[in-house]
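Enquirer:
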Amino acid sequence: MLARDLQSIVLYDKEGKFAGVRRPNSKLPINIDGNEIVIVDAIGSSGLDLKRLIRVCQLYMLDLVL
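Read left to right, the sequence shown gives residues 7 to 72 (our numbering).
1. Taking the alpha-carbon positions, what's the Q13 to D39 distance?
2. To the nearest angstrom, how far is the alpha carbon of D47 from that of P30?
3. Counting only the same chain and skipping the five closest in sequence on each side, list residues whose C-beta sits under 7 Å from that of I36.
4. Below 8 Å on the Cβ atoms is my contact criterion, and I expect I15 with I45 to pass it. Report the Cβ-Cβ distance as a whole number of Å.
5. Measuring only the C-alpha atoms, how far is E21 from S32?
And the structure:
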């Protein structure tokens with residue numbers, strides 16, 4: 007995920023290929039690597055907080071797969 011201005015989120019698959027762009031609260035799902043993702047909200051934060059959030063998302067998605 008890449009959010010430059012929190013108005014739109016750029017999404018990439020596991021291999022780093024562009025998957026699509028979504029706006030927070032658009033309720034428009036996107037399927038990436040077999041997972042349906044909906045961007046609910048985007049909140050600005052420091053890099054450290056974002057790294058922690060990404061790790062939590064990765065663990066959550068891993069739990070969904072298992």
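Beta carbons are placed, not taken as given, at the ideal position from N, Cα and C, and that holds for glycine. Keep in mind that this is a model prediction, so the values were computed, not measured.
Expert: By the coordinates alone:
1. What you label residue 13 is simply residue 7 of the sequence shown in a count that begins at 1. What you label residue 39 is simply residue 33 of the sequence shown in a count that begins at 1. If you draw a straight line from the Cα of Q13 to the Cα of D39, it comes to about 24 Å.
2. Within the sequence shown, the letter at position 41 stands for residue 47. Within the sequence shown, the letter at position 24 stands for residue 30. Straight-line Cα distance between these residues: approximately 5 Å.
3. In the sequence shown, residue 36 corresponds to position 30, counting from 1. Within the same chain, I36 has close Cβ partners L17, A25, G26, R28 and I43.
4. For the purposes of this step, residue 15 is taken as the residue at position 9 of the sequence shown. For the purposes of this step, residue 45 is taken as the residue at position 39 of the sequence shown. That belief holds up - the Cβ atoms of I15 and I45 are roughly 5 Å apart, short of 8 Å.
5. Taking the first residue of the sequence shown as 1, we reach residue 21 at position 15. Taking the first residue of the sequence shown as 1, we reach residue 32 at position 26. Taking the straight line from one Cα to the other gives about 25 Å.
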